[in-house]
Amino acid sequence: MLSSIILKVEDLTKVYETGLFKKKYITAVDKVSFNVSRGEIVSLVGESGSGKTTVAKIILRLLPPTSGRVFYNGEDIWEKKSIEDLKKYWREVHAVFQDPFASFNPVYKIDRVLEQAFNLMGTPVDENAIKEALKEVALLPSEVLGKYPHELSGGQRQRLMIARCFLLKPKLILADEPVSMVDASTRASIVNLFLRLRDEYKTSIIFITHDLGLAYFVSDRILIMYKGRIVEEGSPDELISSPKDAYTRSLLESVPLLYGKWAGF
Amino acid sequence: MSLLKAEGLRAYYNSPIGQVKAVEDISLSVEEDDFIGIAGESGCGKSTLANVLMMNIRPPLKLYGGRLFLNGEEISDKSRDYVKEKFWGTVISIVPQAALNSLMPTKRTKEFIIDVVQAHKKISEKEIIEMAKNKFIELGLSPSVLDLYPHELSGGMRQRVIIVASTILNPKVLIADEPTSALDVSTQKQVLKMMLDLQRKQSIRSTILITHDIAIQRQVCNKLIVMYAGRIVEYGNVDDVLYNPKHPYTKGLINSVLTPEPEVRRRGLMALFIPGEPPNLVNPPPGCSFHPRCPFAMPRCKSETPGLTYSGDRAVACWLYIL
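So the protein sequences, as listed, match chains A and B. Here the first sequence stands for residues 80 to 344, where the numbers follow the working numbering. Here the second sequence stands for residues 23 to 345, where the numbers follow the working numbering.
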């Protein structure tokens, strides 16, 4: 089974340094270790400031860790030096962020976002492949091509980012709060797209979210992060039916439920 | 007597591309002890409705029809200034969306509260501080917060300060527009608890809670209004609506809520999710505005708009239920 591990995070630590004269150190990520297997959906759940986005940034190689290592297919990602190596890494490890609007340059038509995927793959732009990818995410080419980012709704923009995933077919997707800015009715269709990527292409996905409900629904495994550490890990059902850590329990008690009712309220 | 009563309210934004029909034929009433949730997705008109309900109507928004009664007095025929002078803060109050950012960084909590209260009623600073202190103690908060600056407060505490400031004059109706959407779940629960306490201790007599998160409304509200494209599509007791939704949109909306509960996983997400996007309110679809996305649409739905039809204390605007 060892070969099915696609990403291995080992003792990852990130300490931020602030202050000009008097240095202050903030440990954002504290000895975090976990594995992600091929075709597995793992959620990293935590409240704001828990360090979950810092972990994502390190895995994406956007931020160097203070200590600890990240192995992708057995290779330490920080040992990749050449542009070619990096392009290959970013082709295989792809990010989908919270605010799709921030991922678009407002002065360019959105076609460019899709064409850049070909740049990353090093192949010429293939109009048909673009149309196919848009079809996968239920967008009509006439609806989106030739338009500017502000002309699309939040849901459309987020689906467009996922259309890129259908073009690139990455091995691992890091999705940082991918549905927190879209409405409930559109959220379902986006969540289903991620599930399809996993089922059809065996894509591994790391969901980074504060939303325990979303994590419970989509994940094979959930990691709960609190103050930079992973305090509990388990299958979704295990975790919500018998949480062991005190923080997990308090989190579960605070999440608004649809069917259950808060005690003492 | 209803604390707040709306009859057939219509309010549109006049924009160069046409009229945005954000509030279309809205009727509702708020009684004493009501904790009413208004649910719906972004752009369905819920925040506009909040402003219309307190006559906070300024161009480009304009009231085109309907009547509004606050505490028995008609206010829809009065000017915004008159309503502001006579009712805001004392009879009706609002915690607007993004109120969290409304604290002045250079002012202490108490100065902020004094500013807010004096905008509505001429009371001395000393008296206001005294009232604020009592309110804080009553709600189990430390009065020392009054001497702190906003940056010294957590997000949850800031929101509680804002809620205290808007309810210090004991208004009869409090409208809270997404009061917890920027907060973590644990702080969210504390803020909601405080809102319930305010009502139980009769500082306020009724609350309208606007949020996109139905799970929150399930926890704190007794009644639920579901809005779609500027209209009310369903209304009833919270449990009735959640366990037995009638309007196809309400069904879809409830089915797309993800909470960490086994029922949700069993139910699945595919069961009935809503395809497509909410309509443009400049040019909403004819007939029922939900028909292009509705799996049960009939020919009639494309041409005739169903009105909100009551049966007991439940109401739904859908041709499936109108004989």
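Cβ atoms here follow ideal geometry from the backbone N, Cα and C, with glycine treated the same way.
DSSP three-state call for residue i: helix, strand or coil?
i       : result
E215(A) : helix
N244(B) : coil
L85(B)  : strand
S329(A) : helix
E171(A) : helix
N302(B) : coil
S188(B) : helix
S116(A) : strand
D164(A) : helix
V279(B) : coil
S321(A) : coil
N93(B)  : coil
L122(B) : helix
P335(A) : coil
With 9 Å as the threshold, decide whether the Cβ of residue i is near any Cβ in chain A.
i       : result
P300(B) : yes
N277(B) : yes
G286(B) : Residue 286(B) is actually Val in this sequence, not Gly. Chain A contact via Cβ: present.
D262(B) : no
N270(B) : As written in the sequence, residue 270(B) is Pro, which differs from the Asn given in the question. Not closer than 9 Å to any Cβ of chain A, the Cβ of P270(B) fails to qualify, so no.
I230(B) : no
Q221(B) : no
I39(B)  : no
Give a single yes or no on whether residue i has its beta carbon closer than 8 Å to a heavy atom of the ligand PLP.
i       : result
Y305(A) : For the ligand PLP, the structure offers nothing, since it holds no ligand at all.
Which residues bound the alpha helix (DSSP H) around residue i?
i       : result
D262(B) : V260 to Y265
Q177(A) : Counting along the chain, Q177(A) falls outside any alpha helix (DSSP H), and DSSP gives it neither H nor E.
L274(A) : A263 to Y280
D190(A) : D190 to M200
L220(B) : V207 to R222
Y104(B) : R102 to K108
I135(B) : T131 to Q140
M240(A) : G233 to L247
Among the options, whose alpha-carbon lies nearest the alpha-carbon of residue i?
i       : options                               : result
N123(B) : A204(B), Y250(B) and P38(B)           : A204(B)
G252(B) : P301(B), L280(B) and Q224(B)          : P301(B)
M240(A) : I287(A), I285(A) and Q177(A)          : Q177(A)
S314(A) : Y305(A), L291(A), G307(A) and R308(A) : L291(A)
V111(A) : V134(A), L99(A) and G125(A)           : V134(A)
L141(A) : K226(A), S127(A) and Y168(A)          : Y168(A)
Taking residue i as part of the beta strand (DSSP E), name the residues at either end of that continuous run.
i       : result
D47(B)  : G40 to V52
D199(B) : V195 to D199
M23(B)  : Premise fails: M23(B) is in no beta strand (DSSP E) and is neither H nor E.
L91(A)  : I84 to T97
L231(B) : S228 to I232
N357(B) : Outside the modelled stretch of chain B, which goes from 23 to 345, sits residue 357(B), for which no answer is possible.
Y151(A) : S146 to Y151
V338(B) : R336 to V338
R308(A) : R308 to G313
Against chain B, does residue i count as a neighbour if the rule is that its beta carbon must be under 9 Å from one of theirs?
i       : result
Y168(A) : no
D316(A) : yes
V134(A) : no
E332(A) : yes
A325(A) : no
E256(A) : no
Y338(A) : yes
L126(A) : Going by the sequence as given, residue 126(A) is Glu instead of Leu. By this cut-off, E126(A) is an interface position.
H229(A) : no
F273(A) : no
M80(A)  : Confidence at M80(A) is low in this model, with a pLDDT of 46, below 50, so the placement of that residue is unreliable and no value is reported for it.
Counting pairs of Cβ atoms below 8 Å between the stretch 188–196 of chain B and the stretch 149–164 of chain B, do you hit three or more?
By the criterion of at least three beta-carbon pairs nearer than 8 Å, the stretch 188–196 of chain B is in contact with the stretch 149–164 of chain B.
If we count Cβ pairs, one from each stretch, closer than 8 Å, do we get three or more for the stretch 161–176 of chain B versus the stretch 102–116 of chain B?
By the Cβ rule, the stretch 161–176 of chain B does not count as touching the stretch 102–116 of chain B, because fewer than three pairs are nearer than 8 Å.
Can we say the stretch 228–248 of chain B touches the stretch 47–56 of chain B, given the rule of at least three CB pairs closer than 8 Å?
Because the criterion of three Cβ pairs below 8 Å is met, the stretch 228–248 of chain B and the stretch 47–56 of chain B touch.
Segment contact flag, the stretch 273–291 of chain A with the stretch 251–263 of chain A, C-beta cutoff 8 Å, min 3 pairs
The stretch 273–291 of chain A, when compared against the stretch 251–263 of chain A, does touch it at the 8 Å Cβ threshold.
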